[in-house]
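Asker: Please find one structure pasted underneath; my questions will follow.
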Amino acid sequence: MKPKIVIRSYRLEEAKALMYIFYNTIHKVNIKDYTLEQVDAWAPKENLKIEDWQERFKKSNPIVAIVDEKIVGFAEFGSDGYIDCFYIHHEWIGKEIGTALMKEIFLRAKKNNIKRIFVDVSITAKPFFEKKGFMVLSKQTIIRKGVELTNYQMEKRFL
67 MKPKIVIRSY RLEEAKALMY IFYNTIHKVN IKDYTLEQVD AWAPKENLKI EDWQERFKKS
127 NPIVAIVDEK IVGFAEFGSD GYIDCFYIHH EWIGKEIGTA LMKEIFLRAK KNNIKRIFVD
187 VSITAKPFFE KKGFMVLSKQ TIIRKGVELT NYQMEKRFL
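In structure tokens:
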């Protein structure tokens, strides 16, 4: 049975849940495509400071996915069309959460006449974004805390 997924805007008291989804997804899911050194550089434990995340989310106003009153994913989608964060709780990967969030992003893009959505995605997330119609613009090597990580700049255009 498909879970009932509710998509809505973030609430201030949810910063901690989103922070841990970010951290745990990287450490439990992305670890299959990156080394421990890379995931530690990407999502270091010392960055788990709730005040910093609250400040970030105040500005970015994420979209959250909820199942049975539990946050199971989130995305940050800017007015310029950039998806900054797109993370699904590690126990909910492959259960339509990402699809529901992406559908909401597409609706918001259409509503705001955004013709191009762009994103920098991990090796792990690349197949998902390709299935949603995103095209690879370039393979990139980025540096986090002195450690190289590979990701992909991708975009989806609308007519």
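With our numbering, letter number 38 in the sequence shown gets 104, and the count goes up by one each step, no holes.
Glycine included, every Cβ here is placed at the ideal spot set by N, Cα and C.
Relative to the C-alpha of E43, which residue among K125, K211, I73 is closest?
Answerer: Residue 43 is absent from the model: the chain starts at 67 and stops at 225.
Asker: Where do the N-terminal and C-terminal ends of the beta strand (DSSP E) with A191 fall, by residue?
Answerer: Segment: none, A191 is in no beta strand (DSSP E) and carries neither H nor E.
Asker: Got a sec? Which residues, its chain only, sit under 7 Å from G199 by beta carbon, not counting five neighbours each side?
Answerer: Once the five neighbours on either side are set aside, the close Cβ partners of G199 are K222.
Asker: Buried or exposed: which applies to E117, given that a residue is buried once 16 or more other Cβ atoms fall within 10 Å of its Cβ?
Answerer: Under this definition E117 is an exposed residue.
Asker: Count the other CB atoms within 10 Å of the CB of I208; is the residue buried (16 or more) or exposed (fewer)?
Answerer: The residue is exposed, with fewer than 16 neighbouring Cβ atoms inside 10 Å.
Asker: Looking at the strands, I want to know which residues DSSP matches up with N217.
Answerer: According to DSSP, which records beta bridges pairwise, N217 is partnered with S188, Q206.
Asker: Could you round the C-beta distance between A131 and G144 to whole angstroms and report it? I think they count as a contact, below 8 Å.
Answerer: About 18 Å; that fails the 8 Å criterion.
Asker: Compute the Euclidean distance between the alpha carbons of V105 and I92, then round it to the nearest angstrom.
Answerer: Going by the C-alpha atoms only, they are around 6 Å apart.
Asker: Do F184 and Y218 have their beta-carbon atoms positioned less than 8 Å apart in this structure?
Answerer: Contact flag unset, no.
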